[in-house]
Every structure is written in C-alpha cells, then in structure tokens.
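Novice: Quick one: structure below, then a few questions.
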Amino acid sequence: MTTAPTFEATVTTPEDLLAAAPAAAAAAAGPRVEVRTAGGWAPVCGLSDLLPGRGVAALLPDGGQLAVFQDRAGRTYAVGNRDPFTGAYVLSRGLLGSAGDRAFVASPLLKQRFDLATGRCLDDESVAVPVYPVRTR
Numbered sequence: 001m002t003t004a005p006t007f008e009a010t011v012t013t014p015e016d017l018l019a020a021a022p023a024a025a026a027a028a029a030g031p032r033v034e035v036r037t038a039g040g041w042a043p044v045c046g047l048s049d050l051l052p053g054r055g056v057a058a059l060l061p062d063g064g065q066l067a068v069f070q071d072r073a074g075r076t077y078a079v080g081n082r083d084p085f086t087g088a089y090v091l092s093r094g095l096l097g098s099a100g101d102r103a104f105v106a107s108p109l110l111k112q113r114f115d116l117a118t119g120r121c122l123d124d125e126s127v128a129v130p131v132y133p134v135r136t137r
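This is the structure in structure tokens:
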C-alpha cells in the first residue's frame, strides 16, 4: 500500500509580510553603525554609507548631531558635528588626516583639527568636541 505524500500549507497574510519587512530590509542592508548615547545604542547609518576619508552627518534621537567617519584603515569614529569655534554644524564635511598616530578631522571652516578618538582640538587643547563610542552590528 502506498501512502500519498502530505504537504503542510502556510498562509501568509499581507500583515505578516509588512511585519517582517523591517527585519528583512535591515538584514539586506548589511552591517549598521551604532553610537552609544545617554539613551543606549542608536543606529545612525549603514556601514556601506561610509566612504573612507569622508564623513556623514547623523541626527540622534534627542535632536543632537554627530559626524561619523571611517578612516582608510576601516576604523569608525563618531564626534559631535558642531564646530566649537564657529558654532556651525559642519564637521561631517571636514577632511580626515593624521598627526603621528592620531586620526583627526579638520573643520572645513577654520581648519582646526579634532582628534577623532578623544575629541580634543589639536590646535587648542582647551577646546574639544563630544566623542561617541561606535560599534558595527
């Protein structure tokens, strides 16, 4: 006697597809860059959004702005986007460089250099920008 094969049917509703879409989109987008804020880890951009040597600006949940960078060695940094010398939110448009073993961003306005690891201004040690811990997930 032969037994007919059995099949289990799965019904997917439009609501099921909509609920699964954000997770599928996040997985397809690849690794995400997150920064640590007072409220916890916040996603800011996809790793593929970063070009080595160039910055991107990101808006935090509390309304603050950051500048996110990836250096040519693949290290990722996040600092406050506000240039403390001019008050303009422009550091994300600055140029990356290094002084010795210290990676920095140079403000596009007055060219002051800010250490990406500490936030301290290399040209005036009494001035600094906020630094945010970064992770990629």
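1 is the number of the first residue of the sequence shown in the UniProt record's numbering; add one for each residue after it.
Even glycine gets a Cβ: it sits at the ideal position worked out from N, Cα and C.
1) Under three-state DSSP, which class holds residue 92?
2) Quick check: what's the CA-CA separation for residue 135 versus residue 63?
3) Would you kindly report the start and end of the unbroken beta strand (DSSP E) that includes residue 57?
4) Taking its Cβ as the centre, do 16 or more other Cβ atoms sit within 10 Å of residue 124, making it buried, or is it exposed?
5) Only counting runs of 3 or more residues, tell me where the beta strand (DSSP E) segments fall wholly within the UniProt domain "Rieske" (42-137), in order along the chain.
6) Using three-state DSSP, classify residue 40 as helix, strand or coil.
7) Determine the direct distance from the alpha carbon of residue 131 to that of residue 118, and round the result to whole angstroms.
Specialist: Straight from the coordinates:
1) Within the sequence shown, the letter at position 92 stands for residue 92. If DSSP states are grouped into helix, strand and coil, residue 92 belongs with the helices.
2) Within the sequence shown, numbered from 1, the residue matching residue 135 stands at position 135. Within the sequence shown, numbered from 1, the residue matching residue 63 stands at position 63. So the alpha carbons of these two residues sit roughly 20 Å apart.
3) Residue numbering aside, residue 57 sits at position 57 when the sequence shown is read from its first letter. Start and end: 55-59.
4) Reading the sequence shown from its first residue, position 124 is the one you call residue 124. It is exposed - the Cβ of residue 124 has fewer than 16 other Cβ atoms within 10 Å.
5) 55-59, 65-70, 76-80, 95-99, 102-106, 113-115 and 134-136
6) What you label residue 40 is simply residue 40 of the sequence shown in a count that begins at 1. Note: residue 40 maps to strand in three-state DSSP.
7) Here residue 118 corresponds to residue number 118 of the sequence shown, with the count starting at 1. Here residue 131 corresponds to residue number 131 of the sequence shown, with the count starting at 1. The straight-line gap from Cα to Cα measures roughly 6 Å.
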